[in-house]
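Below is one structure, written out as structure tokens, with a few remarks after it.
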Amino acid sequence: MAKTIERPATEEQTTVAPASLTFRDLVYTSRTLVVPGTDRTYPVAKHLVVVPESDKEAVAFLKANSEYAAQEG
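One rule links them: number in the working numbering = place in the sequence shown (from 1) + 641.
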């Protein structure tokens, strides 16, 4: 029977998903969101669009636009 060698997790082995924010599209069930002033796009599917918290332009646009509402949790 093979022996299992236990190794402590290193930074290379552990991956943390980037923080993201979810917004509800109050107008359309699906569309492509183009972040103004950039060439970045995000898909809206089933009324939801998920953007990385680090994309400050997208987050600011979504928070300021009445067609989108922030989702909790």
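Backbone N, C-alpha and C fix where the C-beta goes; we use that ideal spot for every residue, glycine too. All figures in this text were calculated on a predicted structure; none of them were measured in a lab.
May I ask you to list the residues that DSSP assigns as paired with residue i?
| i | result |
| --- | --- |
| T682 | V675 |
| L667 | Answer by DSSP bridge pairing: none, since L667 is not bridged. |
| A710 | R665 |
Roughly how far, in whole angstroms, is the beta-carbon of residue i from the beta-carbon of residue j, given that I think they are within contact range, below 8 angstroms?
| i | j | result |
| --- | --- | --- |
| V690 | L674 | 6 angstroms |
| L662 | E694 | 6 angstroms |
| V685 | S671 | 6 angstroms |
Exposed or buried, residue i, counting other C-beta atoms within 10 Å across all chains shown (16 or more means buried)?
| i | result |
| --- | --- |
| A699 | buried |
| Y709 | buried |
Since residue i is in the beta strand (DSSP E), which residue starts that stretch and which ends it?
| i | result |
| --- | --- |
| L689 | L689 to P693 |
Would you kindly report the start and end of the unbroken alpha helix (DSSP H) that includes residue i?
| i | result |
| --- | --- |
| A699 | K697 to A705 |
Short of 8 angstroms in beta carbon distance, which residues of its chain neighbour residue i, apart from the five on each side in sequence? Order them along the chain.
| i | result |
| --- | --- |
| S707 | L667 |
| R681 | V675, D696, E698 and A699 |
Here's a check: name, in chain order, each residue in its chain whose Cβ is nearer than 6 angstroms to the Cβ of residue i, leaving out the five neighbours to either side.
| i | result |
| --- | --- |
| L703 | F664 and Y709 |
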